[in-house]
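Q: Take -14 as the starting number for the sequence shown in the working numbering and just add one per residue.
Sharing a structure here in C-alpha cells format.
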Amino acid sequence: MTTTETGLPLFVLGQGTDAHSERGVDCPGELPEASDPALVARAAKAKAALGDRLFVLGHHYQRDEVIQFADVTGDSFKLAREAAARPSAEYIVFCGVHFMAESADILTGDAQRVVLPDLAAGCSMADMATFDQVEEAWDVLTDLGIAEVTVPITYMNSSADIKAFCGREGGAVCTSSNARRALTWAFDEGPEGPAKQGGDRKVLFLPDQHLGRNTAVLEMGLSLDDCVVYNPHRPNGGLTDQQLRDAKVILWRGHCSVHGRFTAECVDEVRERIPGVNVLVHPECRHEVVTKADHVGSTEYIIKMLDEAPAGSAWAVGTELNLVKRLAARHPDKTVTFLDRTVCYCSTMNRIDLPHLVWALESLAAGQVVNQITVDPETTHWAKVALDRMLALP
C-alpha cells in the first residue's frame, strides 16, 4: 500500500484508490489515533458545558473515539426516535450520516436543532436513489398503467425526499428488522382508499436491492423471477414493458458499499479457516451471501445474537468493521471475526471524527449553531406520513 513521507497510508489522507470500492479507498486495517490527545478533554468539557441542552446520538458504525461521547447508541431509526423522545434537548448532535440527521429533524420538535458534525458524511446507498430518478421511474410505471397498483416502500437508508415520495404515493418506510411486515402490508392491505385497489399489487422497493430481494424471496416465499432490478441509468430501467408488468417486486438498483462487497467466497473461506464458525450477516448483503449464512438480521439482531451466544463459540460477522471490532472487544470469551479480511470501514460514516465532533460541540457551547440539518415543511409532512405508516404496521 502506498504511504506518504509521514508514513501514513494514503487512505488516511483520502487519496487511496480501490477499483472495487464505491468510494475508492484503500484499507489500512486500523484507524489512526486522534492526532491531538487534548481533543478528548475538549469534547468532554464542551459537552459538560452544554449539559441537558445537548443530546448526542451515535450510530453503531461510528469510530470508538466518537461513540464514547454518545448518550445513546443504536441503528438509524432507533436514534431518530430517541431524539424525538428528548423534547427538552435544544441541540441534537447526530454522529451518523446525512439521511439519519434528516430523519431526526423530521421527528423532533420545531425548537430543536439537529447538527451533523461533518456535512460530507453521506450514504452511498441513499445517493443511489435521487428524487428526480424516482419520479422518472414512477412516470414509467404510470405510462404502463401499473403505478396505480404499485406501493412504494423505501428503506430507512434513504433521503427525506424519497421518504416523502413514498408518503405521497401511498407507501411507507421500513427498516431491516420490519421489511417483511412492510412488504406484507403493501401486498395484503396497502394504504387506505381506492388508489391501490384492484389488480395484483406490486412493490417498488427503494433503494437497496439486496434487502428487498432477501426479504421477498427468503422471508415471503416469492421467487427470484418475481423480482426485477430497475436501473435508473438506463431507459425504462433496462427492462421491457412486459417484465415490469409481470414483476411482483421492482427492486431499485442500489446497494450498501460495505455490505455489498461480501461474497459467497468470503463465507467459504472463513468456514475453511475457522471450523464450526457461525456466519452472521446483515440482510443488506448479496443474496448468495445471505443464503450461505447461518443467521441473518439487522444490526440490533447481530448485537443480540453475540450477546446471547455461548462462551467459546466462533462467529464471522458480515457488517461494518467498527461494530465488529467493538463486539469482539466486548466478548473476549468468544471468537468474533470480520467475514472478509479486506472490506473497508464505511468511509462516509468515518467522516465523523473527533476533530469534527469537538468543533461542533465547542461551537454550540459558544452559542453558534453549525451544520444544522433542516427538512422543509412539505417534505417533512409527507416523510412523516410514510414513517407513521411504518409505525402503525401490525
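From the three backbone atoms N, C-alpha and C, an ideal C-beta is built for every residue, glycine too.
1. With DSSP run on the structure shown, which of helix, strand or coil describes THR364?
2. With DSSP run on the structure shown, which of helix, strand or coil describes GLY178?
3. On the CB-based measure, 16 or more other CB atoms within 10 Å of its CB, does HIS218 come out buried or exposed?
4. Please state the DSSP three-state secondary structure of PHE40.
5. Could you spell out where the alpha helix (DSSP H) holding ALA26 opens and where it closes?
6. Quick one: what's got a C-beta closer than 7 Å to SER298's C-beta in the same chain, skipping five residues either side?
7. Among all the DSSP beta bridges, which residues are the ones paired with LYS187?
8. Exposed or buried, which one is GLU293 when buried takes at least 16 other CB atoms within 10 Å?
9. Return the chain-ordered ranges of every beta strand (DSSP E) run that is complete within the stretch 104 to 154 and spans a minimum of 3 residues.
10. Quick check on the DSSP output: what are the complete beta strand (DSSP E) runs of length 3 or more inside the stretch 200 to 276, in order along the chain?
11. With distance defined between alpha-carbon atoms, name the residue in HIS240, ASP279, LEU291 nearest to CYS270.
12. Determine the contact status of GLY152 and ALA350, defining contact as a CB-CB distance below 9 Å.
13. Using the DSSP secondary-structure output, state which residues sit across from HIS280 in a beta bridge.
14. Between the alpha carbons of ASP21 and ILE337, how many angstroms are there, rounded?
15. In or out: ARG311 buried (at least 16 other Cβ within 10 Å) or exposed?
16. Report all residues from its chain with a CB closer than 7 Å to the CB of ALA180; omit the five preceding and five following residues, and keep chain order.
17. What did DSSP end up calling ILE381 once you bin it into helix, strand or coil?
18. Report the three-state DSSP secondary structure of ARG166 (helix, strand or coil).
19. So SER144 and GLU204 are supposed to be a Cβ contact under 8 Å. How far apart are they, rounded?
20. Out of curiosity, what's the CA-to-CA distance linking ALA278 and LEU92?
21. Pick out whichever of ALA23, GLY303, ASP49 has its Cα sitting closest to the Cα of HIS267.
22. Quick one: residues in its chain with C-beta nearer than 6 Å to the C-beta of VAL41, no 5 flanking neighbours on either side, listed in chain order?
23. If you count every other CB in all the chains shown that lies within 10 Å of the CB of GLN357, and 16 or more means buried, which is it?
24. Going along the chain, which residues of its own chain have a beta-carbon closer than 7 Å to the beta-carbon of VAL125, five neighbours each way excluded?
25. Going by DSSP, name the residue or residues bridged to GLY401.
26. Residue range of the beta strand (DSSP E) that ARG98 falls in?
27. For SER6, name the three-state secondary structure that DSSP assigns.
28. Which residues in the same chain have their Cβ closer than 6 Å to the Cβ of PHE150, if we skip the five residues on either side of it in sequence?
29. Consult DSSP for ALA69 and reduce its assignment to one of helix, strand or coil.
30. Could you please give me the residues that DSSP links to VAL57 through a beta bridge?
31. Tell me, please, which residues DSSP counts as bridged to GLY288.
32. With burial defined as no fewer than 16 other Cβ atoms inside 10 Å of the residue's Cβ, what is the status of GLU50: buried or exposed?
33. Provide the residue span of the beta strand (DSSP E) that contains ALA89, from first to last.
34. Taking DSSP as the reference, what is the three-state secondary structure of ALA314?
35. Which same chain residues, not among the five before or five after VAL309, have their C-beta less than 6 Å away from its C-beta?
36. Between the beta-carbon of ALA89 and the beta-carbon of LEU64, is there less than 9 Å?
A: Answer, in terms of the structure:
1. Counted from its first residue, the sequence shown places residue 364 at position 379. Of the three classes helix, strand and coil, the one that applies to THR364 here is helix, per DSSP.
2. By one-based count along the sequence shown, residue 178 stands at place 193. Residue placement at GLY178 is flagged as unreliable, the pLDDT there being 40, under the threshold of 50; a coordinate-derived value is accordingly withheld.
3. Mapped onto the sequence shown, residue 218 falls at position 233. Exposed: under 16 other Cβ atoms inside 10 Å.
4. For this step, residue 40 is matched to residue 55 along the sequence shown. Strand, per DSSP.
5. Mapped onto the sequence shown, residue 26 falls at position 41. Where ALA26 is concerned, the enclosing alpha helix (DSSP H) stretches over 23 to 35.
6. Residue mapping note: residue 298 aligns to position 313 of the sequence shown, counting from 1. So the qualifying residues of the chain are ASN263, LYS319.
7. Sequence index remark: in the sequence shown, residue 187 carries index 202 (1-based). DSSP output for LYS187 lists THR135 as bridge partner(s).
8. The residue given as residue 293 occupies position 308 in the sequence shown. Exposed, by the Cβ-count rule.
9. 135 to 140
10. 212 to 215, 234 to 237, 263 to 266
11. Counting from one through the sequence shown, the residue named residue 270 turns up at place 285. Of the candidates HIS240, ASP279, LEU291, the one whose C-alpha sits nearest the C-alpha of CYS270 is HIS240.
12. Translated into positions along the sequence shown, residue 152 becomes position 167. Translated into positions along the sequence shown, residue 350 becomes position 365. Cβ atoms of GLY152 and ALA350: not closer than 9 Å.
13. Translated into the one-based positions of the sequence shown, residue 280 becomes position 295. Its beta-bridge partners are LEU265.
14. Counting from 1 along the sequence shown, the entry for residue 21 is found at position 36. Counting from 1 along the sequence shown, the entry for residue 337 is found at position 352. Going by the C-alpha atoms only, they are around 16 Å apart.
15. Within the sequence shown, the letter at position 326 stands for residue 311. Buried is the call here.
16. For the purposes of this step, residue 180 is taken as the residue at position 195 of the sequence shown. Since pLDDT at ALA180 reaches only 42, below the 50 mark, its modelled position is unreliable, and the value read off the structure follows with that caveat. Closer than 7 Å at the Cβ level, and outside the excluded window around ALA180, lie GLU133, GLY155.
17. With the chain covering -14 to 379 only, the question about residue 381 has no answer from this structure.
18. On the sequence shown, position 181 is the one that residue 166 refers to. Helix at ARG166.
19. Mapped onto the sequence shown, residue 144 falls at position 159. Mapped onto the sequence shown, residue 204 falls at position 219. With a Cβ gap of about 26 Å, SER144 and GLU204 do not count as contacting.
20. Here residue 278 corresponds to residue number 293 of the sequence shown, with the count starting at 1. Here residue 92 corresponds to residue number 107 of the sequence shown, with the count starting at 1. Those two C-alpha atoms are separated by around 35 Å.
21. To locate residue 267, count along the sequence shown from 1; it is residue 282. Comparing Cα positions, the closest option is GLY303.
22. As a working note, residue 41 is residue 56 in the sequence shown. So the list reads PHE54, ALA55, ASP56, VAL78, once near-sequence residues are dropped.
23. By 1-based counting over the sequence shown, the position of residue 357 is 372. By the 10 Å Cβ count, GLN357 comes out exposed.
24. Within the sequence shown, numbered from 1, the residue matching residue 125 stands at position 140. The residues are ASN221, GLY222.
25. For the chain, the structure presents residues -14 to 379; residue 401 sits outside this window and is missing.
26. Along the sequence shown, one-based indexing puts residue 98 at 113. Per DSSP, ARG98 belongs to the beta strand (DSSP E) from 98 to 100.
27. Indexing the sequence shown from 1 puts residue 6 at position 21. Because the pLDDT at SER6 is just 32, under 50, the model does not fix this residue reliably, and the point stays unresolved.
28. Taking the sequence shown and counting its residues from 1, the one referred to as residue 150 is at position 165. The answer, listed in chain order, is VAL119.
29. Locating residue 69 in the sequence shown gives position 84, where the first residue counts as 1. Three-state DSSP puts ALA69 in a helix.
30. Locating residue 57 in the sequence shown gives position 72, counting from the first residue. Answer by DSSP bridge pairing, in chain order: LEU42.
31. As a first step, residue 288 is located in the sequence shown; it is residue number 303 there, counting from the start. Here residue 288 is Ile; the residue named in the question, Gly, does not match the sequence. In DSSP, ILE288 forms no bridge with anything.
32. In the sequence shown, the residue the question calls residue 50 occupies position 65. GLU50 should be labelled buried.
33. As a position in the sequence shown, residue 89 is number 104, starting the count at 1. First-last for ALA89: 83 to 92, but that is the alpha helix (DSSP H), not the beta strand (DSSP E).
34. Residue numbering aside, residue 314 sits at position 329 when the sequence shown is read from its first letter. Here ALA314 sits in helix by DSSP.
35. For the purposes of this step, residue 309 is taken as the residue at position 324 of the sequence shown. Answer for VAL309: VAL302, PHE323, listed in chain order.
36. For the purposes of this step, residue 89 is identified with residue 104 of the sequence shown, where counting begins at 1. For the purposes of this step, residue 64 is identified with residue 79 of the sequence shown, where counting begins at 1. A contact, by the Cβ cut-off of 9 Å.
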